[in-house]
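**Q** Residue numbers (the working numbering): 127 to 264.
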Amino acid sequence: MKKNTPSRILHITDLHFGARYQADQNIILEALLADLELRKRGAFKPDYVCFTGDIVFSGVECGFDDVLEKLLLIAEAAGVNQESIILAPGNHDADTNHIASNVRFLQKARQTFHASTDCNDLFSDAKVREYVSAAFAQ
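1) Taking just the CA atoms, how far does Gly-144 sit from Ala-204?
2) What three-state label does DSSP hand Val-206 in the structure shown?
3) Give the secondary structure of Phe-249 by DSSP, where H, G and I count as helix, E and B as strand, and everything else as coil.
4) Apply the 10 Å Cβ neighbour rule to Ile-181 and answer buried if 16 or more other Cβ atoms are within range, or exposed otherwise.
5) Would you give the residue range spanned by the beta strand (DSSP E) that Ile-138 belongs to?
6) My output table needs one value for Ala-169: the three-state DSSP class, helix, strand or coil.
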């Protein structure tokens, strides 16, 4: 991408992939892939694909390998390479069994931050830093 050139972002949110409503999801996925393939032949060419919030219906029941395959198919259909995929998980994407053991972190995270000092206070807690660091280490 050239310097000072605006980036084009394809933003897809709340896919809720999972066993529930799988037939409907497959119909929508096939239509999305076909549409992206058509648009890729024209002027539409995103620089990034950004998947946000609730990529899966349940982080406990989901098969992330299958979901990753679907995300890669979407990116490929849009003409975007793997390095240009951005993921921002939502609350459904978390394994609630794991999160239950980190209730203190969640209670603090739900507070409204009014200034950067509020965020700094949250991350001054060693358990919070450990929890967040572990999530990014994977």
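Where a beta carbon is used, it is the ideal one built from N, C-alpha and C, also for glycine.
**A** Inspection of the coordinates gives the following:
1) Position 78 of the sequence shown, counted from the start, is the residue given in the question as residue 204. Position 18 of the sequence shown, counted from the start, is the residue given in the question as residue 144. C-alpha separation (whole angstroms): 22 Å.
2) As a position in the sequence shown, residue 206 is number 80, starting the count at 1. Three-state result, Val-206: coil.
3) For the purposes of this step, residue 249 is taken as residue 123 along the sequence shown, with counting starting at 1. The answer is helix: DSSP assigns Phe-249 an H, G or I state.
4) Numbered from 1 along the sequence shown, position 55 holds the residue referred to as residue 181. Buried: at least 16 other Cβ atoms inside 10 Å.
5) As a position in the sequence shown, residue 138 is number 12, starting the count at 1. Per DSSP, Ile-138 belongs to the beta strand (DSSP E) from 135–139.
6) Taking the sequence shown and counting its residues from 1, one reaches residue 169 at position 43. If DSSP states are grouped into helix, strand and coil, Ala-169 belongs with coil.
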